[in-house]
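Let me begin by presenting the structure, written as structure tokens, before commenting on it.
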Amino acid sequence: MKNLYRKGFYLVLCVFWTAMASAQQVNPTIKSHLNGIVLDAGTNQPLPGAVVKIRGTTHSVSTDSDGKFSFVTGQSFPYILVVSFIGYDQKVLTVNGSPVTIKLEETLNQLNELVVTGYSTQERKYIAGAISSVSGSVVQHQPSGGFNQLLQGKTAGVQVTTNSGVPGGGITFRVRGNNSINASVEPLYIIDGVFVNNNDPINAGLGNQAASNPMADLNPADIEDIQILKDANATAIYGSLGANGVVIVTTKRGKRNTKAAINLSTFQGWSTAVNKFKVATGPEVALLTNESRLNTAADNGLDPSSIILPFPDPSNMPTYDRISGLFRTARTTNYELSTLGGTDKSTYYIGLGYLNQESIVKPSNYTRYSGRFNYDNYLSDKLKVGTSINFTRSARKLSGSDNNPTGVINSALFPRSYLPIFNADGTYARYGSFDNHLALINNLDSKAVGWRSVGNIFAEYVFLPGLKLRSSWSVDNTSEYDNSYSNTLISAGIASSGSASSSETKIQVLTNEQVLSFVRNLGADKKHNINALIGNTINTILNQSTSASGSGFAANSLKSISVAATRSGSASRSAANLLSFFSKASYTYDGKYTIDGSIRADASSKFGANKRWGYFPSGGVAWRLSQEDFIKELNVFNELKLRASLGLSGNQNGIGAYAAQGLWSSGANYLELPGIAPTQLINPNLTWETTRQFNVGTEFTILNKRLEIVADYYNKYTYDLLLNVPVPYRSGFSSYLQNYGAVRNKGFELGINSTNIQTNAFQWTTNFNISFNNNKIEKLASDISLGASGRNISILREGYSVNSFQLYKQLYVDQQTGNAVYEDLNGDGKITSADRQIVGNALPKYTGGLTNNLSYKGFDFSFFFYFQQGNKIMNMNDFFMVHGGTQANIGFLPRQLDRWQKPGDITDIPRLTTYSGNPTENGAAANNYGGNVASLSSRYLEDGSFIRLKTVTLGYTLPKDILTRVGISKLRVYVQGTNLLTFTKYGGLDPEVSSQSSNQNTVGYDWATVPQPRTIQIGANVTF
Amino acid sequence: MNTSYLRNTVLVAFVLLSGSCKKFLEEVPDYALPSSSSITDVSTARAAIVGTYDRVQNYYSSSYPTLGTITADHVIFNGTLSEYLQLDQNAIPTDNVITVSAYQSLYRTINSANSVIAYIPLVNDPLLTDTEKNKILGEAYFIRALSYFDLGRGWGGVQLQLKPTTDLTVLKGIKRSTLDQTYDQVLADLIQAEQLLPEDATTRNRAQKSAARALRARLHLYRKQWADAETYATQVISNTKYTLVKPYKSFFTAPFQTAESVLELAFSSNDRNSYWNLWYPSSSGGQFTLKPSDGLIAKLNNPAIGGARKALIAGTGATVYGVLYNTVGLSTDPAYLIRIAELYLIRAEARAQLNKLPEAAADLNAVRGRADVAATTATTQAGLIQAIEDENGIEFAFEAHRWFDLVRTERAGTVLGITNKNYWLFPIPYSDIQSDPDVTQNPGY
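Chains as they are written, first to last, in our numbering: chain A, 387 to 1410; chain B, 84 to 528.
Quick look at the structure:
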């Protein structure tokens, strides 16, 4: 009986088991057990998270935290295992018994890397497009907020300028040059699949400086790697968003079956100014003013002896130092805490960060709190869900309008140095239009607090091996809350008894996308590799802003707008929608020949109903010559690939949400009655700006993979520019947005990675990259002049590159008369506006970087040079402060002392005078500092080329055997210097500057800007 | 069954999706009207003329009075912004920010006025009566006349745009007119305006018949049509709605809108005019870019010349500043376009030119008497004309008069030392020279 029960039980169990097994379609027959361990071939350390797969089956497992794995399989020995792990060469081996030890070789070069391309991941060796990859470690532990600014000099094809030394401030980031004039030239940033906003949300006026770098909201410590998609083949899949390049950021995620690791890191930095402003002393200012008065009298035909000098005794004038009150030793503090790991079903990464950074010019600072949570869960073999969430709170103390008379720097720089800083009664003294710099530093109260949440949830379902559907829903919500209060101690608040403004800006980017992808090796011997996808996205960008202002406060301690005597408010909203469908296919034969193509269709609500849709195809080919026998026989190349691509991509960013519509705007009010007035002309044919790009490149490694070289040539032609064509003012409008004009960028990029020395104890690697870009406006309706507060120093002109400077070309200062002589371009014998000409350009001819990493046992040492050559800088500080005496309320820069004084003097600074007669006469006194030239002289334009020792780092990693005793698995301490040396001919404070950066066409001005600081930092990273 | 269900679902989804796609791609702003249906009913008609006044405010709040003052001898540059220095030195680059901004705003005003003139007659709304239509049209004609007059006296004969800019083709082929042609257009518009505009006993912040007549008097004065100038000035002066207010400073003291004003554009805390900022020193929160000259200060302080007009300045020593625009912090100063005092001086000058010397002296003395200054001692024709010029310089020290008067009477060379007549006109903006094949630059620039 007992036996029967037992048999019955076994029978039921067996039925259930069979039912379950058949339901799961798993072969129940067990033919072998395999246990093994995967180790790093170099260090013999276990590799957790490596994927071990039996070839010819779908059966794969991941190694656990000790690098171990086990199989229970229906395959019988022997069979072939495929073992892969990111960063290591894939290994294929035949096993004929258990247990087995598998050693993986670390990948030394990029060519086998998996690369995140548009909507898919491909092995680098099959890719036909131009894509740069940068490891997250490159942008970590640096005294800068934004990862994008740290890509400067790190990879070819990208030009990065930090516009000022204000922490968290704006940067200029271009992939292969400026494609556009009025539409955006910013790349598309994608973080973990989320299209993120890159518009500066801060409303506070900073005198045309970009107040923030929105990418600084992403903590660089969270970044795993960065891919920069440069050519049409890589970017066309992003269609309308990809013309300016695409920056794909992947943040850290845990690996399955790994033990939790906890990382703690910190650094402390001290920053100082490399150079400080210098102004003429009191006696010098007095001397120059006297001299100007005498010269002017002579020009007016008066007897100099009849002139009463403004300063009878210049040498007795006092000097008050305003500059030293401006600068400080600025502190930077950074803490990071993160953990990552995974179980067999899920992975996680949690990162927390804190950064506080002061500006070297008071009183700006920047604080960032960030938190990230990445989580993936494999609900079943076929279904995976995951999320990436990032929260950031950024707080900036702003110093408004540095280049406005009531800004901090101008208020210190411009007043004449013999004027006291304080009045006799101890109150702040003000002169002319300028405020008092100390009053500003002590009382400025302008804060911008941003809350940024970037979140994404996705699900992936595998229908068949290789056929996967991914749906993702994401949001990027930027919420910026700015509050500014001017009390009665600063000039902005004096007249109004205190004034306050407050604004809340929300920028929301909502994206939904579906991608069905198919990746498969087909054919008998797997010679056909197919990677194809089809998908769609729905994207909405919503901008909303509400602001209020008030003036008249009972006391300086009261700053809530609700208690102001007069109050006003405003609100705005705009929305733009984008609908896209795309498809891409890539085919590789035998690992040698790749051909791929993609197409994307986009429709934007910004465009006229007639031409809403744009279609952007691309294609590329790649040939891995290193797989051909005739190359193998040479025995030179470890890898050799040629690739070429051609395609179109579009641009609609940077124009208004309603740019195609004819509008009569309301708000033109009078007598408290609502008014409307025409503000925009209709353009129903407005459509996509299109970039056609051709790219040809090669990648090869030689010398036993020790030297890796990537070289690319590209030619980009952007046509149907979204151009604000200036129209005659008599139309009642100043410009009309239409598709007109063309810009070409062509260039060459070279990247070299070299492993100079590779022994167990000593490693030395070098990375060098250089990028040449040539920009040219090929077609333009008419010249467009702009910049420098209406002085039109920047110009866009057909046949020249964007960011050109137009000035009167100063030929020399006449040795006899001391008057400046300009080139009379049209030869009419007069100096008029027709004689202004393009005398230089703000774009460098080439930029690049050289990084060396050395390590010896526990020590690591690295140094990094950045260089750029061929760009010009318009020195606005000189323009204003080398004024020849024309500005009675402004002091002088020391350069004014080089002025012509007597016949025979050789200088480029003309004789001091304020004479204004005959403004058209060349070589006459009027045009020295005034007249038709109005100081728009090429003498204030300087060469901005430089080479900079950007960073030097020395680190030490403590030996493991000591650390394990105290439960620490890794500890590194380091000291780093930033901006230690700069080699340049530029006469201003710092050649890396762009003060008018809120407009992409007014690059290259130096105008009362905080210079880049020199920073010394110490830091430590601990892993538990 | 299953497949047809699926097929139907896909079909329905597709239809819904393509419908919603179209909708998804159509976004309209919530702050603006489409230009195709901007003026359609009574409320948009009213809003359109209000918007045209707003455009006049734009150039009369700051840029135009600056062009009429700092360029001459009574106001000098005291700041740091080089665009004002250029005007003070009468060495004006073609991209001088103030001249460009004024020129641009003037044509923007004209385009608004042109739109009202073109579209109001087409509005078919019973709530928009003919009376109101005429009033709106009259205001538009007046504003267009004012703008072309202000262009003509600043830049010379300009391109005459008389139709709204619906697209750029309407611009083609319009060359610069002569100054006479520009002034003829002004006259034609003023005749229309005078017919269409109403007149009541109180309105001073919008154009009425008297404003049209006053501007017409000024136009005739500029064109040296003395008899017409006298006629139209008389029409305004004889209207009891206007008197020379006493004391002098009461017309520029809040709440403004005094009987002095034939036309003054009002501002409010919602619609600010911060022109005071250019006149007040930084200790009062201003920029002090515009400063009364020492010569003017002396005249204003002289009881025999300035009299009560001493109230135009305040401060001591190096910090004497103009206080015509004085709503510091509040920023509600009006823009003074036409005051009755001007009509007296127009008539005085016209009568002097017509050799009606006692009548001319009487008009001049009316203005002097209001400022508590003794009657003029001038008796000859030339003496009176000079006395009227001097009176204009004091009476309208900080309004858009002195420069234009000296250019109109061709005295800018003698008084200001600008002997090269090319510089009596402002330059056409640099960007227009670049973008407009039909425009020519004024000589000398």
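Cβ atoms here follow ideal geometry from the backbone N, Cα and C, with glycine treated the same way. Since we're looking at a predicted model, the values are computed, not measured.
Within the region 650-684 of chain A, note down every full beta strand (DSSP E) run reaching 3 residues or more, in order along the chain. none
Complete beta strand (DSSP E) runs within the region 754-839 of chain A (minimum length 3 residues, chain order): 769-783
Could you spell out the range, first to last residue, of the beta strand (DSSP E) harbouring HIS419 of chain A? 418-426
For the region 909-958 of chain A, which segments carrying the beta strand (DSSP E) assignment without a break, of at least 3 residues, lie completely within its bounds, in sequence order? 914-937
Among A:ILE416, A:GLN476, A:GLY554 and A:THR558, which one has its Cα closest to the Cα of GLN1386 of chain A? A:THR558
Proximity below 9 Å, CB of ASN942 of chain A to CB of ASN873 of chain A: yes
Between the alpha carbons of ILE693 of chain A and ASP171 of chain B, how many angstroms are there, rounded? 22 Å
When you compare the region 993-1009 of chain A with the region 976-984 of chain A, are there three or more beta-carbon pairs, one atom per stretch, that lie closer than 8 Å? yes
Provide the residue span of the beta strand (DSSP E) that contains VAL522 of chain B, from first to last. First-last for VAL522 of chain B: undefined, no H or E at that position.
Between LYS992 of chain A and chain B, is any beta-carbon pair separated by less than 9 Å? yes
Mind checking whether ALA185 of chain B and LEU298 of chain B have CB atoms under 9 Å apart? no
DSSP three-state label for ALA276 of chain B, please. helix
If contacts are defined as beta-carbon pairs under 8 Å, then LEU1107 of chain A and TYR1122 of chain A qualify, I think. What distance do you get, rounded to the angstrom? About 13 Å; that fails the 8 Å criterion.
DSSP three-state label for LYS393 of chain B, please. helix
TRP999 of chain A in three-state terms, based on DSSP: strand
Report yes or no: is there a C-beta of chain A within less than 9 Å of the C-beta of TRP359 of chain B? yes
How many Å lie between ARG953 of chain A and SER870 of chain A at the Cα? 14 Å
Counting contacts by CB-CB distance shorter than 9 Å, is ASP1392 of chain A in contact with chain B? no
Report yes if the C-beta distance between SER785 of chain A and LEU826 of chain A is below 9 Å; otherwise report no. yes
If you drop the 5 nearest sequence neighbours on each side, which residues of the same chain put their C-beta closer than 7 Å to that of VAL840 of chain A? ILE577, VAL580, VAL582, ASN776 and ASP862
Between the region 599-615 of chain A and the region 1072-1091 of chain A, do at least 3 Cβ pairs fall closer than 8 Å? no
Please report whether the beta-carbon of ILE380 of chain B lies at a distance below 9 Å from any beta-carbon of chain A. no
Apply the 10 Å Cβ neighbour rule to ARG493 of chain B and answer buried if 16 or more other Cβ atoms are within range, or exposed otherwise. First, the residue type needs correcting, since residue 493 of chain B is Glu and not Arg in the sequence shown. Counting Cβ neighbours within 10 Å, GLU493 of chain B comes out exposed, since fewer than 16 surround it.
To the nearest angstrom, how far is it from the Cα of ILE181 of chain B to the Cα of ASN141 of chain B? 12 Å
Have a look at THR286 of chain B and ALA401 of chain B and give me their C-alpha separation to the nearest angstrom. 40 Å
9 Å Cβ cut-off: residues of chain A touching ALA401 of chain B: Here the premise fails: no neighbours, minimum Cβ distance about 11 Å.
Is ASP1210 of chain A close to chain B, meaning its C-beta is less than 9 Å from at least one C-beta of that chain? no
Look up ARG560 of chain A in the DSSP assignment and say whether it is helix, strand or coil. strand
Contact set between ILE193 of chain B and chain A, taken where Cβ atoms lie within less than 7 Å: GLY1118
Using a threshold of 8 Å, is the CB atom of SER651 of chain A nearer than that to any non-hydrogen atom of the ligand GTP? Annotation note on the ligand GTP: not contained in the displayed structure, which lists no ligands.
So for GLN528 of chain A, helix, strand or coil by DSSP? coil
What residues in its chain sit with their C-beta under 7 Å from that of VAL498 of chain B, if we drop five residues either side in the sequence? ASP156 and LEU489
Among A:TYR721, A:GLY1137 and A:ASP1329, the one whose alpha carbon lies nearest that of GLY1235 of chain A: A:GLY1137
Per DSSP, what are the beta-bridge partners of ARG714 of chain A in this structure? Partner(s): none; ARG714 of chain A has no beta bridge.
Residue span of the alpha helix (DSSP H) that contains TYR331 of chain B, given as start and end: Taken as a continuous stretch (DSSP letters only), TYR331 of chain B belongs to no alpha helix (DSSP H), as it is neither H nor E.
Using DSSP with H/G/I as helix, E/B as strand and the rest coil, what is GLN431 of chain A? coil
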